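Protein chains: 2
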Amino acid sequence: MVIWMDDQELIDLFRENGFKVTAQRLAICKFILSRGDHPSTDQVYHALKIDYPTISLGTVYKTLDLLEELGLIQKLRFNESNIRYDPDLQLHINMVCTKCGKIYDYKAENIQNMWNVIISDLGIKPKGQRIDIYFECDDCK
Amino acid sequence: MVIWMDDQELIDLFRENGFKVTAQRLAICKFILSRGDHPSTDQVYHALKIDYPTISLGTVYKTLDLLEELGLIQKLRFNESNIRYDPDLQLHINMVCTKCGKIYDYKAENIQNMWNVIISDLGIKPKGQRIDIYFECDDCK
DNA sequence: GTAACTGCAAACGCTTTGCACTCCC
DNA sequence: GGGAGTGCAAAGCGTTTGCAGTTAC
């Protein structure tokens, strides 16, 4: 799922939380929020290097950490060693191809219903969740 | 959940798959299979160093990779940088405390039923899965 | 006897940190 | 003007790799 925020909403969010608005921040933020495939730090970095040739990996890491703090994205580690960033904090299933590593999101109403049952059985207040299914995607079969 | 295999079953499993049986392998394997809390490589290493003072981290890594290949355990990465090993390949929920990092397994029949529904909706043959819930455990509240 | 395994140490890759320079406000 | 953010490079740290010595079979 792609979460839409316009520039002004992003700018307000940064300012409200006491952070300055920079071109890099906006660019990283807009890039990650527009992608449904959980890019890695490196992918963000290389994609933005085209329009922002001086951008650094450090800035990408720091900004993505900031976005996690602000509750806009979730960091995920799969079995590869790098971090991936998921802009969807709502309940969904990460369908991970074990061959090519592509990730497809899957959302359905019945998942939410089932989840509600589980949470109520557990009697806890969850702060987040993650559901993965590992499979071989059509391209890799 | 703790999966029980006796020594002879382990030994047979190694031999059947063309691997030699060594004291280190047996020890690492028995240790990880007996633990429900998803130890890290380092934890395995330090725990075994008591009885096997010459054991090395490299051997622990290699053996745990081997156990994953044999289908006995699953590697999991959480937001910490290290790898954790889960000896339960059956469907369960990893309840992860966001403060202390402890992991509790949760299993219930209705989860399996719900899961079956989702899988059949998706129309895929999953090769594995992972379900996490992040929360604050009683000790950390 | 020999092929596989262990232990050690070096190499590796991703992430974090420190710091001088820059830019937002 | 001042403090936060950027870019760069170095440091950090968990993991992997290579290899000589050892052990299972």
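Chains as they are written, first to last, in our numbering: chain A, 1 to 141; chain B, 1001 to 1141.
Here a beta-carbon is modelled for each residue, glycine too, at the ideal position from N, C-alpha and C.
No experiment lies behind these values; they were computed from the predicted model shown.
Handout entry: Whole-angstrom distance between E9 of chain A and F1135 of chain B, CA atom to CA atom
Key = In the second sequence, residue 1135 of chain B corresponds to position 135, counting from 1. In the first sequence, residue 9 of chain A corresponds to position 9, counting from 1. Straight-line Cα distance between these residues: approximately 29 angstroms.
Exercise for the section: Could you list the residues in the region 1103 to 1115 of chain B with a C-beta less than 7 angstroms from some C-beta on chain A, going in chain order? Expected result: Y1106, A1108, N1110, I1111, M1114
Exercise for the section: Examine chain B for any beta-carbon lying closer than 8 angstroms to the beta-carbon of G71 of chain A, and answer yes or no. Expected result: The count along the first sequence starts at 1 and reaches residue 71 of chain A at position 71. Closer than 8 angstroms: no.
Exercise for the section: Kindly indicate which three-state DSSP category S1040 of chain B falls into: helix, strand or coil? Expected result: Within the second sequence, numbered from 1, the residue matching residue 1040 of chain B stands at position 40. If DSSP states are grouped into helix, strand and coil, S1040 of chain B belongs with the strands.
Exercise for the section: Evaluate contact between the region 1095 to 1113 of chain B and the region 90 to 100 of chain A, counting only Cβ atoms and requiring at least three cross-stretch pairs below 8 angstroms. Expected result: no
Exercise for the section: Identify, in the order they occur along the chain, each residue of the same chain with its Cβ nearer than 6 angstroms to the Cβ of N1082 of chain B, setting aside the five sequence neighbours on each side. Expected result: On the second sequence, residue 1082 of chain B is found 82 positions in, with the first residue counted as 1. Around N1082 of chain B: S1040.
Exercise for the section: Going by DSSP, name the residue or residues bridged to M95 of chain A. Expected result: Working through the first sequence from its first residue, we reach residue 95 of chain A at position 95. A:Y104, A:I133.
Exercise for the section: Could you pull out every unbroken beta strand (DSSP E) segment of at least 3 residues lying fully inside the region 9 to 81 of chain A, listed in chain order? Expected result: 74 to 77
Exercise for the section: Answer yes or no: do L1067 of chain B and H1038 of chain B have a C-beta to C-beta separation smaller than 8 angstroms? Expected result: In the second sequence, counting from the first residue as 1, residue 1067 of chain B sits at position 67. In the second sequence, counting from the first residue as 1, residue 1038 of chain B sits at position 38. No. Outside cutoff.
Problem - 6 angstroms CB neighbourhood of W1115 of chain B in its chain, flanking five on each side removed - result: One-based indexing of the second sequence puts residue 1115 of chain B at position 115. Once the five neighbours on either side are set aside, the close Cβ partners of W1115 of chain B are L1091.
Exercise for the section: Put V2 of chain A into one of helix, strand or coil per three-state DSSP. Expected result: Residue numbering aside, residue 2 of chain A sits at position 2 when the first sequence is read from its first letter. Low per-residue confidence applies at V2 of chain A: pLDDT is 48, beneath 50, and the placement is therefore not dependable enough to give any value.
Problem - C-beta atoms of I1000 of chain B and I1133 of chain B nearer than 8 angstroms - result: Outside the displayed range of chain B (1001 to 1141) lies residue 1000 of chain B, so it cannot be described from this structure.
Problem - C-alpha gap between I55 of chain A and L70 of chain A, whole angstroms - result: By one-based count along the first sequence, residue 55 of chain A stands at place 55. By one-based count along the first sequence, residue 70 of chain A stands at place 70. The straight-line gap from Cα to Cα measures roughly 22 angstroms.
Exercise for the section: Look at I32 of chain A and L64 of chain A and say whether their C-beta atoms are less than 8 angstroms apart. Expected result: Counted from its first residue, the first sequence places residue 32 of chain A at position 32. Counted from its first residue, the first sequence places residue 64 of chain A at position 64. Yes, Cβ-Cβ distance for I32 of chain A and L64 of chain A is below 8 angstroms.
Practice task
Give the interface partners of G58 of chain A over in chain B, defined as CB-CB distance under 8 angstroms, in chain order.
Solution key: Along the first sequence, read from residue 1 onward, the residue named residue 58 of chain A stands at position 58. By Cβ distance, chain B contributes nothing, its closest Cβ being about 17 angstroms from G58 of chain A, past 8 angstroms.
Practice task
Report yes or no: is there a C-beta of chain A within less than 8 angstroms of the C-beta of E1016 of chain B?
Solution key: As a first step, residue 1016 of chain B is located in the second sequence; it is residue number 16 there, counting from the start. Answer no: the Cβ-Cβ gap between E1016 of chain B and chain A never drops below 8 angstroms.
Handout entry: L13 of chain A vs I28 of chain A beta-carbon contact at 8 angstroms
Key = Translated into the one-based positions of the first sequence, residue 13 of chain A becomes position 13. Translated into the one-based positions of the first sequence, residue 28 of chain A becomes position 28. Not a contact, by the Cβ cut-off of 8 angstroms.
Handout entry: Closer than 8 angstroms to chain A by CB, I1050 of chain B
Key = Against the second sequence, residue 1050 of chain B aligns to sequence position 50. So no, I1050 of chain B is outside the interface.
Problem - Closer than 8 angstroms to chain B by CB, R84 of chain A - result: Sequence index remark: in the first sequence, residue 84 of chain A carries index 84 (1-based). Not an interface residue.
Exercise for the section: Report the residues of the region 1120 to 1139 of chain B with a CB closer than 8 angstroms to any CB of chain A, ordered along the chain. Expected result: D1121, L1122, I1124, K1125, P1126, K1127, G1128, Q1129, R1130, I1131, D1132, I1133, Y1134, F1135, E1136
Problem - Closer than 9 angstroms at the beta carbon, the chain A residues around K1141 of chain B - result: Reading the second sequence from its first residue, position 141 is the one you call residue 1141 of chain B. Ordered by position in chain A, no residue passes the 9 angstroms Cβ test against K1141 of chain B, which lies about 10 angstroms from the chain.
Handout entry: Residue from A:K141, A:V21, A:I118, A:Y85 whose Cα sits closest to the Cα of N1109 of chain B
Key = Here residue 1109 of chain B corresponds to residue number 109 of the second sequence, with the count starting at 1. This sequence places Glu at residue 1109 of chain B; Asn is not what is there. With distances taken between Cα atoms, E1109 of chain B lies closest to A:I118.
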